[in-house]
Each structure stands twice: as C-alpha cells, then as structure tokens.
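Quick notes on the structure that follows.
Protein chains: 2
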Amino acid sequence: MSRVTLKDVAAKAGVSYQTVSKVLNGQMQVAEETEARIWQTITDLDYRPNVSARNLRTQASNLLGHALPGDAAQAYHPILVQFMISVANAAEQQGYHLLSFVTGNNDFYDHQAYDQLYARNQVAGFILSNTTQNDPRIPYLLERVIPFCSFGRANDAWDFCWVDVDGQHGIELAASHLLDLGHQRIGFITWPEGSQTGWYREQGYLLTLQAAGVAVDPQWITRGNNSAQVGARAMSQLLALPAAARPTAVICVSDLMAIGAMNAIAAAGLNVGQDIAVTGFDDIPMVEYLHTPLTSVRQPIQEIGHYVVDLVIRQIRGLPIEQKGVLFKPELVIRASSHT
Amino acid sequence: MSRVTLKDVAAKAGVSYQTVSKVLNGQMQVAEETEARIWQTITDLDYRPNVSARNLRTQASNLLGHALPGDAAQAYHPILVQFMISVANAAEQQGYHLLSFVTGNNDFYDHQAYDQLYARNQVAGFILSNTTQNDPRIPYLLERVIPFCSFGRANDAWDFCWVDVDGQHGIELAASHLLDLGHQRIGFITWPEGSQTGWYREQGYLLTLQAAGVAVDPQWITRGNNSAQVGARAMSQLLALPAAARPTAVICVSDLMAIGAMNAIAAAGLNVGQDIAVTGFDDIPMVEYLHTPLTSVRQPIQEIGHYVVDLVIRQIRGLPIEQKGVLFKPELVIRASSHT
DNA sequence: ATAGTCTAAGCGAACGTTCGCCCGAACGTT
DNA sequence: AACGTTCGGGCGAACGTTCGCTTAGACTAT
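Sequences listed follow chains A and B, in order. Taking this note's numbering, the leading residue of the first sequence gets 8, the next gets one more, and so forth. Taking this note's numbering, the leading residue of the second sequence gets 8, the next gets one more, and so forth.
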C-alpha cells in the first residue's frame, strides 16, 4: 500500500500539504524556490498520489471500460488484441487506463455491466467494439449521456461518436486490383445480410464492378458466418457454377473466410493465384505465410485506437468535437494469392 | 456521476447512513425489519456504492493488473484474448475487474509500470503472462511483496505463484500418437534455446522418443522465433535432409509454426498427413479449417484463467495457498494432419 | 429491585486528495 | 499616507465510504 502521502511530503518540505497538492496539479501559485524544494522532496520520498482519493475528490475516474466478448469460443476476433493495445497506449498517454470487462450471461450487448461500472464511478467512459446495426448499447448510453466511442458504425440516425475503417474503400481497392488483372467474373464471400459492416463492403464490391461495366451475377455473392468453414463452403458453391458463370477471382470480407476459400480451391485441385485469385480483409499476421500468401486489406488499427480514445476523452473532459464520425482508409497489401 | 449516496438512502429509510453501510456489508447488527426496509430503499433509489470512496476507506482496490505487449506487431499471441476473457470472468465473479495496461518503451518486462500502478493503489495485484525464464518482473514483485500470479513458469529457484500448462505432457501426447501411427523419424520445430516453455516441451519430445527406443538425430530439431515463416524455413531444412534421415512426422511447439511447416510441405509438392504428419500446439480456432485440418494440443485455458485469478486473490486477502504452482494437463485434438 | 447481558442503531473519525476562500506581506499608485 | 493589487501560502471543508466505539433500551438472571 502507498505509505507516503501528501502530508508526509509536506512535513518534510516544511509547507502545508495543500501546497504540495498545488504543485502536483500545476496551479502556479507557488514560488519557484518552494516548488523546486517540494519536487525534490517528492522524488526523495518516492511519493505517488493515491488514485482512489483523487478520484473520490474529483468525482472522476481514470479508467475507460472496454467489453470483451464473454464467450471465449466466439472470441476469434483477429485484430482485437491489436486494437486493445493501441487503445491502451493512447489512453495511457492521456493518463487513463483500460478496464476490460466481460458482460454477463454471454450476452455481449447486455447493458447491465455498462450501467454498473459507470454508476459506481468505476469508469469515466466506454469504448465499444464489435458494434452492430441496432446495437442496443448505443441508445442506452446516449440516453444516459455516458461518454463513449465506438469502433464501428451503427444506425445512421443515431448521433454518436464512432471511428471506423472505410470498408467500402477497402473492397474497392481489392476489386479494382482484380479488375486491373483482367478478371471479369469476381465472386464475393460475405456475412449474412443485416451486417452493417458487410453492407458497406458489399457496396464497394457492387459499385466498383458496376463502374467497370461488369454486370454482377447474384450467384457470385455467398453469405455465412465469419469462419473458415463457411468460407470453404461458399467457395465450393462458387466452383460448382457452370463454367461460363464461375468466378475467376473471389473477394472475401475477412481473412478467415479467405483461408477457408483457399482451402476449398486447393481441395478442388486448383491453384490459388493461378486458377483463381483470392483476397481477404484484416491482414492478420499469419496470412503472409500461408501456402499462397494472401492479398489482404489492412486496417490502420493504430490510428483507429488513438482516435477512439481521443473522442471518448474529449467527451469526458467536455472538449469540443469537430467530427463525430471518422473513417480511416485501409490499404491493400498485394501478395501471391491475387498475383499469380 | 453517481448521484445517490449512502446518506440519501439513509434519509429515505429513516436511519443513519452508517447503518445502511452495515446492511450493505452484511454486518448483522441490524433488525430484520429495518434491513428489509433499507434493501427496499436501496433498490428503489437504485443506489450503487462509489468504488473510489470504498477503495479509499479500505485502502484496497478491486482491480487486477495485466500487461499487454506494448508493441502491437509482436502481439500475435493467439490465445491471449481467450486467456484474458477467462481471467476477466473469474475476476468478476469475485468482485474484481481487469485493468489492462501496456508497459512503456516497448519493454514488456519493464517493472516501472507495475510499480506505478501498485504504488498509486490503482491495482491490488497482478497477473503475469508471457512469463520467461529469468523474468525480471518476478524478483521485483516478490521483493516488494506485491501479490501476483503468473501464467507460465520461470526459474525453479523462485518461490512464487504460477499456473502453467504441462507442455511436456502435451508433447508426449503428440509424440506417442505419432509413434503409434508407426512414425520413427520425428522432427521437432521449436523456439530458440533459453525458452523455458520450449525446454519442457522438448523434454516431452526427447523422453517419449527415448522411451520408445528411438534414437533422436540432432538434425531433427530446428529452432527459431514463433512465426509461420520460421516454421516454413525449419521444415524446408528438414526436407533437405538425406532420405534415410528425413523425418516422416514433425511436432511443432505452436500452431503458427505448424502452419508454416505445412506450407513448406505443400510447396515441396508433398501432402500433409499422407507424406508427412504434422502436429501443432494451442489449437487456435482456425487450424480446424486449414487445407489439412491440424492435429493440435489444446490447453484448458478456461481453468487456467480461473486458477490464476484465485491465486492472486488469495494473496490479496491473505488466505492460505495450498500449492503455489499448478500444472494443468492439455489434451490432444487429432485431425487429418496426422491421420492419413 | 438491582445488576448484568444482549441487541439495534447512532456517532465521530478517518482514508488521501482537491477546491475555494482567506490572509499577510510586499509592492506600486495616487 | 492611504489605498488597491498581486503574490505566496495556509486553512477548513468536502468527496462517500467503513470502522470502532458508545449508548438507549429491553430482556434475563439473581
């Protein structure tokens, strides 16, 4: 436990403890000489302010809450750790820390846990990830005027802070790249309808092909949950199409699905990159070293984390916010899976 | 901010606020009737105790610190998220929360951040992951009598709390399985020397082969960092051995390396599972759906997380600890990569 | 009837800060 | 010489709890 307090420092420096507090908080009403002496005493005694006392007095908290998916099995969100790291880094630069919690009863979007943490003054605000369309957390937090920022968009009608990656642009990059390579029949493996993220990416796919004068065959679009298994099944369906309709390239909305698709291609005796081009999304560390290295869309996760934190803290501190929603442009990392 | 306090509840219930506190903390000196009335008032007003005030008064904290690797690039620790989830779950069952922090200056084992958090009374103890041999954090924390528990062992001479997976046993399972299938020349792709985790796993490899009467050729053992790239390179080296010495099966100490090895096998025109058997370690969600599904050793990460939390909290609360170090047995999940 | 025990609840204090207000001294202005 | 201003620093109070001690009243035992 932190033994040395303000009073100890004050006693040794020969001032009142409130004066020490002033020095710590930079309220410049202290003579330079005195201030220097106090600082010296602080380092001499290795004094550290007590967080609870400070938070109690200021009615604040230096913690930002971030929910983890409560069920470990469904937890395969490949860039979650990277996101958390960038968030933690950014938060710490501003004197905040990250509180990771799981929501009860396997219900990731349960607002109880959010309510609890905020009402008890444990956290000053929240960072949301895995945001979905109609995400119930958002109206809940908005209504209570609880500071938060989401990684990911939700309903357009809701006026809240978010940062997202421009998935439409990411898929545009992939699609343009494939068109440039001469592909005309391009498949699209995506999530079930209703996914907002999926919708944006699909727009990128549809609009780019349309702009290139390619008529999209509805059979080219296959949907399923985010798993390699679904990717493989979807790819098999595409391969089963008659030769005239069969895609020569496939865009996947996640690396996981792309890996499954590549499996299915190999299982069918075809070569990824030569017979069929494949692109993924996320650029998880492993895809660089797959049998055929995977072309993938990389999100600027570092910047996103920093911006998310900035937006929450601005709300907490009551600072002005220029733009409530911000899109970051991803980049396309081209590898052999789309290059021959 | 939490508007309603003990005094508000007390006023409405017609008692002193200290009495309300007694009810909250179950100090049974309150008449049943009064207690019921107070509980009713608490729910009526939706009262939540202020965490900072409580922590200040009790000189405690309800937070457990856990360091994330500060550098996102090296952060590909596939089961880290699952570990965190199990830890957060277990902690919350005991009224604690998880504070995730990054250590400064890309030095994961920097003790400054630990010191800072503990001295400021921000956390009550720590959970260590990515523990290494000679891990400087351990003597540091021990010396200051800061409660902590490590996921992973370190120096045998150090007397501290840890929970680990029995890697030796895990590799024994893999090796026995391969021996049962008739393999005699079994390669081993592992981390550089000096890794304690690697050493245990290597023991499992060496002892199992030895017990089966197989003389291990030193050339079968290849080392490198934990990446698919290194796995591929190591596998290429093994494949380049003269036919009489070339392994017919390979045990990898991580799935990532196993994936790299499978790449190299495919690139050499051979078939995983038929020409060469491969096993991994971690059983990350994806390996089930690779081109050839990967046989892998699965760690009971849920139990590990719960036990780690239990050990820290016992230290914090001064409860007895029966056993300072605990090993959990992993299981082998057999798939096609070692099965035909 | 008196002393002793028990129960329910109240009260003051403290945890370590920060905040706002006050005050004395020194200085400059008219 | 009287007055306003600034500067450096002190002081009391408060944030919302928990803890230990005290006490009024009721009950029991002698």
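For glycine and all other residues, C-beta sits at the position ideal for the given N, C-alpha and C.
Mapping DSSP to helix, strand and coil, what is residue 200 of chain B? coil
Could you work out which residues of chain B lie near residue 239 of chain A, taking near to mean beta carbons separated by less than 9 Å? 296
Spatial neighbours of residue 176 of chain A within its chain, please: C-beta separation below 6 Å, excluding the five flanking residues on both sides. 336
Do residue 192 of chain A and residue 224 of chain A count as a contact pair if the criterion is CB distance below 9 Å? yes
For residue 8 of chain A, count neighbouring Cβ atoms within 10 angstroms of its own Cβ and tell me buried if that reaches 16, exposed if not. Note that residue 8 of chain A scores 48 on pLDDT, short of 50, meaning its location in the model is unreliable and no value can be drawn from it.
DSSP on residue 130 of chain B, reduced to helix/strand/coil? coil
If the criterion is Cβ atoms closer than 9 Å, does the pair residue 295 of chain B and residue 342 of chain B meet it? yes
With DSSP collapsed to three states, give me the class of residue 144 of chain B. If DSSP states are grouped into helix, strand and coil, residue 144 of chain B belongs with the helices.
Quick one: Cα of residue 299 of chain B to Cα of residue 147 of chain A, how far? Computed Cα separation, rounded: 45 Å.
Extent of the continuous alpha helix (DSSP H) run through residue 316 of chain A: Counting along the chain, the alpha helix (DSSP H) containing residue 316 of chain A begins and ends at 308-324.
Show which residues of chain B have a CB atom less than 9 Å away from the CB atom of residue 250 of chain A. Simply none; closest approach about 24 Å.
Is the beta carbon of residue 149 of chain A closer than 9 Å to that of residue 124 of chain A? no
If you scan the region 15-101 of chain A from start to end, which runs of the beta strand (DSSP E) of 3 or more residues do you find wholly inside it? 70-75
So, is the C-beta of residue 55 of chain B closer than 9 Å to a C-beta in chain A? yes
Spatial neighbours of residue 36 of chain B within its chain, please: C-beta separation below 7 Å, excluding the five flanking residues on both sides. 29
Within 9 Å (strictly less), CB to CB, does residue 82 of chain A reach chain B? The pLDDT assigned to residue 82 of chain A is 49, lower than 50, so where the model puts this residue is not dependable; a value taken from the coordinates is nonetheless given after this. Judged by the 9 Å Cβ criterion, residue 82 of chain A is in contact with chain B.
For residue 99 of chain A, which residues in chain B fall below 9 Å Cβ to Cβ? 108, 109, 111, 120
Label residue 68 of chain B either buried or exposed according to how many other C-beta atoms from any shown protein chain fall within 10 Å of its C-beta, with 16 as the threshold for buried. buried
Taking residue 303 of chain B and residue 317 of chain B to be in contact with their CB atoms under 8 Å, please state how far apart those CB atoms are, rounded to whole angstroms. The Cβ separation is near 27 Å, so there is no contact.
So which residues of chain B does residue 267 of chain A contact, with C-beta pairs closer than 8 Å? Residues of chain B with a Cβ closer than 8 Å to the Cβ of residue 267 of chain A are, in chain order, 296.
Note down, in chain order, every chain A residue with its Cβ under 8 Å from the Cβ of residue 242 of chain B. By Cβ distance, chain A contributes nothing, its closest Cβ being about 11 Å from residue 242 of chain B, past 8 Å.
Residues from the region 307-340 of chain A in contact with chain B, defined by Cβ distance under 8 Å: 308, 309
In whole angstroms, what is the alpha-carbon distance linking residue 91 of chain B and residue 43 of chain A? 43 Å
Validate contact between the region 304-324 of chain B and the region 277-290 of chain A using beta carbons, cut 8 Å, 3 pairs: By the C-beta criterion, the region 304-324 of chain B is judged not to be in contact with the region 277-290 of chain A, since fewer than 3 inter-stretch pairs fall below 8 Å.
I'd like to know if residue 165 of chain A contacts chain B, where contact means its C-beta is closer than 9 Å to some C-beta of that chain. no
Kindly list, in the order they appear in chain B, the residues whose Cβ is closer than 7 Å to that of residue 261 of chain A. Neighbours of residue 261 of chain A in chain B, taken as residues whose beta carbon is under 7 Å from its own, are absent, since the nearest beta carbon is some 11 Å off.
Establish whether the CB of residue 225 of chain A and some CB of chain B are separated by less than 9 Å. So, not an interface residue.
Could you pull out every residue in the same chain whose Cβ sits closer than 6 Å to the Cβ of residue 101 of chain A, ignoring the five residues on either side in sequence? Here the set comprises 320.
For residue 162 of chain B, decide whether its Cβ has a neighbour in chain A, counting only Cβ atoms nearer than 9 Å. False, the Cβ-Cβ gap to chain A never drops below 9 Å.
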